[in-house]
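Numbering (my numbering), first residue to last: 5 to 128.
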């Protein structure tokens, strides 16, 4: 009986050690950067999944990472193709405009370029 209790305690301790070491090794708190906006998030290095943290009150200057967009992001194939086409048209349009030279690295320039592109497409 005493051996069983000791064995159970050891198994629980080993399980807790595995869980905490997994979290400390593979889950990072980062700023997930999308279109210039930095969103505090938990990043799982093994799966590549990112979960935003609501009401984050931790460290202000976290390391940043940008998404590598793969797949259709949950869109039906037709909408995914349309989104890819819109993005390709935007990239082609914005590279021809000298006033938006640093649109990829400057969030404010990106927002202005996107707003002007929407006006251009809608004919305003």
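Beta carbons: idealized from backbone N, C-alpha and C, even for Gly.
Quantities reported herein were computed from a predicted structural model and do not represent experimental measurements.
So for residue i, helix, strand or coil by DSSP?
{"i": "residue 33", "result": "strand"}
{"i": "residue 101", "result": "coil"}
{"i": "residue 44", "result": "strand"}
{"i": "residue 55", "result": "strand"}
{"i": "residue 26", "result": "helix"}
{"i": "residue 81", "result": "helix"}
{"i": "residue 65", "result": "coil"}
{"i": "residue 5", "result": "coil"}
{"i": "residue 118", "result": "helix"}
{"i": "residue 89", "result": "helix"}
{"i": "residue 50", "result": "coil"}
Could you spell out where the beta strand (DSSP E) holding residue i opens and where it closes?
{"i": "residue 109", "result": "That residue, residue 109, is in no beta strand (DSSP E); it is neither H nor E in DSSP."}
With a threshold of 16 other CB atoms inside 10 Å of the CB of residue i, please say whether the residue is buried or exposed.
{"i": "residue 26", "result": "exposed"}
{"i": "residue 98", "result": "buried"}
{"i": "residue 28", "result": "exposed"}
{"i": "residue 45", "result": "buried"}
{"i": "residue 36", "result": "buried"}
{"i": "residue 107", "result": "buried"}
What does a CB cutoff of less than 6 Å around residue i pick up in its chain, not counting 5 residues either side in sequence?
{"i": "residue 24", "result": "none"}
{"i": "residue 94", "result": "121"}
If distances are taken between C-alpha atoms only, which option among the options comes closest to residue i?
{"i": "residue 3", "options": "118, 62, 20, 90", "result": "A query on residue 3 cannot be resolved here, the shown segment of the chain reaching from 5 to 128 and no further."}
{"i": "residue 33", "options": "22, 62, 11, 123", "result": "62"}
{"i": "residue 67", "options": "43, 101, 90", "result": "43"}
Please list, in chain order, all residues of the same chain as residue i whose beta carbon is under 8 Å from its beta carbon, the five residues on each side excluded.
{"i": "residue 30", "result": "48, 49, 50"}
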